[in-house]
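Colleague: Numbering (the UniProt record's numbering), first residue to last: 1 to 492.
1) Once you ignore the five residues that flank residue 95 on each side, which residues in its own chain have a CB closer than 8 Å to its CB?
2) If I measure Cβ to Cβ from residue 404 and keep anything under 8 Å in the same chain, skipping five residues before and after, which residues do I get?
3) Does residue 44 have its Cβ less than 9 Å from a Cβ in chain C?
4) With a cut-off of 8 Å on the beta carbons, I'd call residue 57 and residue 77 a contact; round off their distance for me.
5) Once you ignore the five residues that flank residue 230 on each side, which residues in its own chain have a CB closer than 6 Å to its CB?
6) Can you grab the Cα-Cα spacing for the pair residue 15 / residue 123, in whole Å?
7) Rounded to the nearest angstrom, how far is the Cβ of residue 28 from that of residue 105, given a contact under 8 Å?
8) Determine whether the beta carbon atoms of residue 280 and residue 390 lie at a separation below 9 Å.
9) Measure the Cβ-Cβ separation of residue 154 and residue 18 and say whether it is below 9 Å.
10) Within its chain, find whatever has a CB closer than 6 Å to the CB of residue 156; leave out the 5 residues flanking it on each side and keep chain order.
11) If the criterion is Cβ atoms closer than 9 Å, does the pair residue 87 and residue 46 meet it?
12) Given a threshold of 16 other Cβ atoms within 10 Å of its Cβ, counted over all protein chains shown, does residue 245 qualify as buried or as exposed?
13) Taking 9 Å as the threshold (C-beta atoms), are residue 252 and residue 397 in contact?
14) Would you kindly check if the distance between the Cβ of residue 103 and the Cβ of residue 32 is under 9 Å?
15) Rounded to whole angstroms, how far is the Cβ of residue 109 from the Cβ of residue 25, which I believe are closer than 8 Å?
16) From residue 59 to residue 48, what does the alpha carbon distance come to, in whole angstroms?
17) Less than 9 Å separating the beta-carbons of residue 265 and residue 386?
18) Is it buried or exposed, residue 241, if we count other Cβ atoms within 10 angstroms and call 16 or more buried?
19) Closest to residue 291 by CA distance: which of 237, 247, 267 and 388 is it?
20) At the level of alpha carbons, what is the spacing between residue 296 and residue 289?
21) Distance check for residue 372 and residue 392, CA to CA, integer angstroms please.
22) If you draw a straight line from the alpha carbon of residue 180 to that of residue 163, how long is it in whole angstroms?
23) Leaving out five residues before and five after residue 399 in sequence, what residues of the same chain have Cβ atoms less than 6 Å from its Cβ?
24) Where residue 131 and residue 7 are concerned, what is the direct C-alpha to C-alpha distance, given to the nearest angstrom?
25) Whole angstroms are fine: how far does the CA of residue 238 sit from the CA of residue 249?
26) Our contact map puts residue 82 next to residue 53 with C-beta atoms below 8 Å; I'd like the distance itself, whole angstroms only.
27) For residue 269 versus residue 135, is the C-beta spacing smaller than 9 Å?
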């Protein structure tokens with residue numbers, strides 16, 4: 001319908017533009033026609049003048065009287081005749097051109113009229129189609145309504161039949177119960193009468209010329225404790241309606257629960273964080289393994305170095321104590337004293353029985369010292385790098401532990417929400433069971449009360465009215481309970 005309306009608007013706009021162009025063409029045709037008539041009048045005037053000039057020329061030629069100005073007059077008349085002929089040819093050309101333009105305008109006018117007719121036909125067909133579509137939509141809506149009404153009618157008929165069957169069953173049960181109650185009443189009356197017979201009555205002469213009169217106790221009525229039962233039934237109905245409203249609101253809240261997407265998102269994030277945690281734990285284990293290997297290797301190497309240095313120091317302790325340097329070598333600072341002591345121990349180890357070493361041994365010792373110093377620097381750099389790596393790993397472990405704690409809190413919240421959902425589902429099941437029980441009890445109580453008060457069979461209008469009242473009460477109670485439930489949900 002919207003497309004047809006939009007197309008109809010477009011066609012109406014095109015029709016308006018074509019009408020405007022048509023009026024413009026008509027105006028231009030009228031003006032060209034007027035101009036053509038004017039040109040025709042001018043051409044007719046020129047023809048008349050030419051005829052007059054020709055007649056005058058013939059008359060002059062017929063007289064044959066020469067005059068001084070005959071040649072000049074003839075030349076002037078000839079020139080004027082040529083001018084008139086040229087003007088006549090121009091007027092004829094202009095007339096043909098105007099005729100062609102007029103024919104083109106007429107053809108264009110016919111084409112525009114045909115286009116207008118076609119657009120009118122299209123608009124009529126589109127109006128017909130739009131009205132047909134509207135009718136089809138109305139028919140579909142009416143069919144849906146008819147189906148809904150039929151469904152409701154079938155449900156009401158089925159409900160009425162089921163209620164009628166239950167009513168018949170209850171009537172049969174009521175009749176049997178009434179018979180049993182009557183029999184029990186008669187038995188109790190006889191038993192009471194037999195109990196009231198005293199010994200005095202037994203000693204008297206038995207004269208059974210008696211009449212069956214009423215007993216001392218008042219007989220029980222048929223509607224015993226009916227008022228209490230009615231009050232209880234009303235309370236149970238109110239409680240049932242309240243529970244139904246609560247269940248409906250809880251169902252609506254659960255169906256439109258905004259926490260479903262959040263729960264799925266939290267679960268996905270929890271899985272991602274668990275994967276990241278496992279990956280980080282694996283990397284940490286690998287780093288710890290490499291660190292343990294490096295520590296063991298360094299410890300082994302350091303124990304060997306310490307053992308070797310201790311042996312050297314123990315061997316040449318005396319030489320170190322004897323040698324006391326008086327000054328520091330130029331180019332070295334006081335911080336290079338340990339290096340000098342190490343070089344001294346190496347130099348002392350290079351001597352044998354106190355004999356001075358040769359230059360080759362000194363060079364070898366210096367080279368070995370430099371190599372050991374480079375190795376020591378390399379080990380220190382490696383140690384600093386490992387320390388930095390361990391610090392970074394420790395920071396990542398702390399951040400991951402913090403994230404794990406946060407995720408555990410989130411998981412606790414998720415578990416709490418799940419437990420709340422389970423608890424609400426359990427409450428919903430219990431309430432449904434109670435509702436089913438009340439629904440089973442309610443027709444029995446209603447039918448018994450109707451039998452007690454001799455109320456006739458309930459009609460369809462009464463049933464609809466009762467259903468309307470029930471729905472109205474449910475709506476009012478749910479309307480009153482909804483803000484409290486929203487407030488409780490927001491606080492949770």
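Backbone N, C-alpha and C define an ideal beta-carbon position, used for all residues, glycine too.
Modeller: To lay it out plainly:
1) On the chain shown, position 95 is the one that residue 95 refers to. Counting only Cβ-Cβ distances below 8 Å, and skipping sequence neighbours, we find 36, 39, 40 and 43.
2) Along the chain shown, read from residue 1 onward, the residue named residue 404 stands at position 404. Here the set comprises 273 and 277.
3) No chain C appears in the structure shown, which is made up of a single protein chain.
4) Counting from one through the chain shown, the residue named residue 57 turns up at place 57. Counting from one through the chain shown, the residue named residue 77 turns up at place 77. 6 Å between Cβ atoms; contact.
5) Counting from one through the chain shown, the residue named residue 230 turns up at place 230. Excluding residues within five positions, none has a Cβ falling inside 6 Å.
6) Position 15 of the chain shown, counted from the start, is the residue given in the question as residue 15. Position 123 of the chain shown, counted from the start, is the residue given in the question as residue 123. Each residue's alpha carbon lies about 10 Å from the other.
7) The residue you call residue 28 lines up with position 28 of the chain shown. The residue you call residue 105 lines up with position 105 of the chain shown. Indeed, because the Cβ distance is near 7 Å, the residues count as touching under 8 Å.
8) By 1-based counting over the chain shown, the position of residue 280 is 280. By 1-based counting over the chain shown, the position of residue 390 is 390. No.
9) By one-based count along the chain shown, residue 154 stands at place 154. By one-based count along the chain shown, residue 18 stands at place 18. No, Cβ-Cβ distance for residue 154 and residue 18 is not below 9 Å.
10) Locating residue 156 in the chain shown gives position 156, where the first residue counts as 1. Answer for residue 156: no residue qualifies.
11) Within the chain shown, residue 87 is the residue found at index 87, counting from 1. Within the chain shown, residue 46 is the residue found at index 46, counting from 1. Result yes, Cβ atoms of residue 87 and residue 46 sit closer than 9 Å.
12) Stepping through the chain shown from its first residue, residue 245 is reached at position 245. Residue 245 should be labelled buried.
13) In the chain shown, the residue the question calls residue 397 occupies position 397. In the chain shown, the residue the question calls residue 252 occupies position 252. Against a cut-off of 9 Å, the Cβ pair of residue 252 and residue 397 comes out as no contact.
14) Taking the first residue of the chain shown as 1, we reach residue 32 at position 32. Taking the first residue of the chain shown as 1, we reach residue 103 at position 103. Taking 9 Å as the Cβ cut-off, residue 32 and residue 103 do not qualify as a contacting pair.
15) Your numbering for residue 109 matches position 109 in the chain shown. Your numbering for residue 25 matches position 25 in the chain shown. Going by Cβ atoms, the distance from residue 109 to residue 25 rounds to 6 Å, so yes, they are a contact pair.
16) Within the chain shown, the letter at position 59 stands for residue 59. Within the chain shown, the letter at position 48 stands for residue 48. C-alpha separation (whole angstroms): 16 Å.
17) Translated into the one-based positions of the chain shown, residue 265 becomes position 265. Translated into the one-based positions of the chain shown, residue 386 becomes position 386. In this structure, residue 386 does not lie closer than 9 Å to residue 265 by Cβ.
18) Taking the chain shown and counting its residues from 1, the one referred to as residue 241 is at position 241. So residue 241 ends up on the buried side.
19) Within the chain shown, numbered from 1, the residue matching residue 291 stands at position 291. The shortest Cα separation from residue 291 among 237, 247, 267 and 388 belongs to 388.
20) Residue mapping note: residue 296 aligns to position 296 of the chain shown, counting from 1. Residue mapping note: residue 289 aligns to position 289 of the chain shown, counting from 1. Straight-line Cα distance between these residues: approximately 10 Å.
21) Along the chain shown, read from residue 1 onward, the residue named residue 392 stands at position 392. Along the chain shown, read from residue 1 onward, the residue named residue 372 stands at position 372. Computed Cα separation, rounded: 30 Å.
22) On the chain shown, position 180 is the one that residue 180 refers to. On the chain shown, position 163 is the one that residue 163 refers to. Taking the straight line joining both Cα atoms gives about 25 Å.
23) As a working note, residue 399 is residue 399 in the chain shown. Contacts found: none.
24) As a working mapping, residue 131 is identified with position 131 in the chain shown. As a working mapping, residue 7 is identified with position 7 in the chain shown. Taking the straight line joining both Cα atoms gives about 14 Å.
25) Translated into positions along the chain shown, residue 249 becomes position 249. Translated into positions along the chain shown, residue 238 becomes position 238. Cα to Cα, residue 249 sits roughly 16 Å from residue 238.
26) Stepping through the chain shown from its first residue, residue 82 is reached at position 82. Stepping through the chain shown from its first residue, residue 53 is reached at position 53. The Cβ separation is near 11 Å, so there is no contact.
27) Here residue 269 refers to the residue found at position 269 when the chain shown is read from its first residue. Here residue 135 refers to the residue found at position 135 when the chain shown is read from its first residue. No, the pair does not count as a contact, with Cβ atoms beyond the cut-off.
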